[in-house]
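The opening residue of the sequence shown carries number 62 in our numbering; numbering runs sequentially from there.
Just so it is clear, CB atoms sit at the ideal spot from N, CA and C, and this is done for glycine as well.
Here the structure is a predicted model, which is why all the values come from computation and not from measurement.
See structure below.
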Amino acid sequence: MTTALPDPDLRLAVTTRAETFERLRDRLAPHGIAVEHVRPDERVLRVAAGGADESVADGAEADEFAGFDAGWVYPSRLMEGAVIDARLDVPWVNGREAVLASRNKAGTLATLADAGLPVPETRLVSNPVDDEAVLAAADEIGYPVVVKPNSATRGVGVAKATDPDSLLGVTDYLDLVHDYRATGDKSYLLQAFLPDATDYRAMVLDGTYAGAVERRLPEAALAEGKWKHNVHRGAVAEGVDLPAEARGLAERAAAALDAPLLGVDLLESDGRIVVSETNARPTIDAAKKYREGFDADLAALVRRTADR
Numbered sequence: 062m063t064t065a066l067p068d069p070d071l072r073l074a075v076t077t078r079a080e081t082f083e084r085l086r087d088r089l090a091p092h093g094i095a096v097e098h099v100r101p102d103e104r105v106l107r108v109a110a111g112g113a114d115e116s117v118a119d120g121a122e123a124d125e126f127a128g129f130d131a132g133w134v135y136p137s138r139l140m141e142g143a144v145i146d147a148r149l150d151v152p153w154v155n156g157r158e159a160v161l162a163s164r165n166k167a168g169t170l171a172t173l174a175d176a177g178l179p180v181p182e183t184r185l186v187s188n189p190v191d192d193e194a195v196l197a198a199a200d201e202i203g204y205p206v207v208v209k210p211n212s213a214t215r216g217v218g219v220a221k222a223t224d225p226d227s228l229l230g231v232t233d234y235l236d237l238v239h240d241y242r243a244t245g246d247k248s249y250l251l252q253a254f255l256p257d258a259t260d261y262r263a264m265v266l267d268g269t270y271a272g273a274v275e276r277r278l279p280e281a282a283l284a285e286g287k288w289k290h291n292v293h294r295g296a297v298a299e300g301v302d303l304p305a306e307a308r309g310l311a312e313r314a315a316a317a318l319d320a321p322l323l324g325v326d327l328l329e330s331d332g333r334i335v336v337s338e339t340n341a342r343p344t345i346d347a348a349k350k351y352r353e354g355f356d357a358d359l360a361a362l363v364r365r366t367a368d369r
């Protein structure tokens with residue numbers, strides 16, 4: 062016998078159609094929350110309500126932005142996000158400030174370090190910078206060193222340099238990219254490489270640890286020399302139960318960043334755990350990877366957001 066779902070009394074706008082949308086829709090429906098997609102990009106957006114003829118410009122219904130009670134996470138494309146934000150006129154579970162803070166990797170690490178949390182040894186390089194300064198920073202950190210964009214996601218643009226020549230090869234390319242006037246972020250990070258690190262993604266909901274996955278590469282990938290533990294690059298994420306120390310670090314990171322919903326990346330190497338990155342637009346994973354009651358707590362957070 063199938064249990065009938067309650068009629069929804071709250072509408073949640075989600076601006077992505079990736080895995081998270083489908084999982085949110087299915088898991089919040091039993092809690093009376095309708096999850097609906099609002100597409101922010103690759104379309105023509107009317108910047109003000111245009112009445113019944115709105116579909117003429119963008120192929121959408123005239124009232125597509127009307128009647129929502131809350132938004133999930135502020136859109137990743139900030140320019141389009143400003144229009145979507147104004148048109149929806151709803152509070153977000155994670156708003157623009159939370160998304161911006163988490164996207165700035167160096168700023169996040171500085172905030173966490175200032176709050177007393179352990180982070181990898183890191184330098185922010187604001188290009189252009191003389192080769193001597195870059196090499197000196199790498200020497201202080203020690204090779205191999207990881208070079209990564211300050212604001213990219215999914216492991217895009219991350220490289221490992223094992224010596225000065227390979228490091229300058231990477232930074233020469235960055236110099237070319239950053240030479241374009243339209244390049245907004247001209248910064249990148251130099252970061253300590255942690256050998257044989259175990260990679261965790263912890264979820265923190267309303268300040269409380271809610272579950273975690275360990276991201277690991279298949280043996281075949283390791284044999285090929287791959288080292289990035291990123292799911293979008295072939296890693297597998299398996300649910301794990303983190304020890305108290307790691308849970309506490311994740312919760313402290315969310316508190317320092319004042320984020321209601323936060324993915325916290327933890328690296329464990331040589332008996333030490335550090336916070337390597339955070340994500341204010343975290344993927345919602347399979348239910349079995351979270352603690353019991355996670356869906357109900359998530360629904361409660363959405364409802365509190367709508368009441369703001």
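Chain-order list of residues whose beta-carbon lies under 6 Å from that of residue i (same chain, five-residue window excluded)
i: A176; result: A317
i: P67; result: G93
i: N188; result: H239, K247
i: T76; result: V99, P101, P136
i: T259; result: E329
i: V335; result: P179, V180, P181, L328
i: D130; result: L71, R72, A367
i: D114; result: Residue placement at D114 is poorly supported in this model, since its pLDDT is 46, which falls under 50; the coordinates still yield a value, given next. Same-chain partners within the cutoff: there are none.
i: T183; result: L170, L250, Q252
Boundaries (first-last residue) of the alpha helix (DSSP H) holding residue i
i: G142; result: 139-149
i: S227; result: 225-239
i: D200; result: 192-202
i: V363; result: 355-367
i: A282; result: 280-284
i: D68; result: From DSSP, D68 is part of no alpha helix (DSSP H); its letter is neither H nor E.
i: F82; result: 80-89
Exposed unless 16 or more other CB atoms sit within 10 angstroms - verdict on residue i
i: H290; result: buried
i: D331; result: exposed
i: A109; result: exposed
i: T269; result: exposed
i: V274; result: buried
i: A118; result: Residue confidence for A118 is low, a pLDDT of 48 falling below 50, so the modelled location carries little weight; the figure read from the coordinates is stated next. The residue is exposed, with fewer than 16 neighbouring Cβ atoms inside 10 Å.
i: M62; result: Residue placement at M62 is poorly supported in this model, since its pLDDT is 49, which falls under 50; the coordinates still yield a value, given next. Under this definition M62 is an exposed residue.
i: S337; result: buried
i: G128; result: exposed
i: R148; result: buried
i: R308; result: buried
i: D237; result: Asp is not the amino acid found at residue 237; the sequence shown has Leu there. Exposed: under 16 other Cβ atoms inside 10 Å.
i: A199; result: buried
i: R389; result: Because the chain in this structure spans residues 62 to 369, residue 389 falls outside the shown range and cannot be described.
i: E125; result: buried
i: Y261; result: buried
i: A222; result: buried
Sheet register partners of residue i (DSSP bridge)
i: K166; result: DSSP output for K166 lists no bridge partner at all.
i: N340; result: G324
i: E97; result: A74
i: I334; result: E329
i: D259; result: Per the sequence shown, residue 259 should be read as Thr rather than Asp. Bridge partners of T259: E329.
i: Y249; result: V186, P210
i: A314; result: Looking at the DSSP assignment, A314 forms no beta bridge with any residue, so it has no partner.
i: L266; result: T269, L322
Cβ shell of residue i (< 7 Å), same chain only, five flanking positions each side left out
i: L229; result: D192
i: N165; result: N211, S212
i: Y351; result: M264, A271, G272
i: L255; result: P181, L328, S330
i: R369; result: P152
i: D224; result: Y204
i: V292; result: R276, A298
i: G168; result: A162
i: E353; result: none
i: G156; result: Y135
Run of the beta strand (DSSP E) containing residue i, from where it starts to where it stops
i: A273; result: 269-277
i: E299; result: 297-301
i: A222; result: 220-222
i: V292; result: No beta strand (DSSP E) holds V292; DSSP gives it neither H nor E.
i: A131; result: 131-134
i: V154; result: 153-155
Min CB distance residue i to chain D below 8 Å
i: R72; result: Among the chains in the structure shown there is no chain D, since it carries only a single protein chain.
Residue i CB to nearest heavy atom of the ligand ADP below 7 Å
i: R104; result: Ligands in the displayed structure: none, and consequently the ligand ADP is not present.
Beta-carbon contacts of residue i that lie in its chain and below 8 Å, excluding the five residues immediately before and after
i: K209; result: K166, G218, V219, A220, Y249, L250, Q252
i: L266; result: P321, L322, F355, D358, L359, L362
i: D302; result: A273
i: A65; result: none
Touching by the beta-carbon criterion (3+ pairs, under 8 Å), the segment 320-331 and the segment 242-249:
no
With three or more beta-carbon pairs closer than 8 Å as the criterion, would you say the segment 307-317 touches the segment 161-181?
yes
At least 3 beta-carbon pairs within less than 8 Å: the segment 75-88 vs the segment 337-353:
yes
Kindly confirm or deny that the segment 87-105 and the segment 65-75 touch, where touching means at least three C-beta pairs closer than 8 Å.
yes
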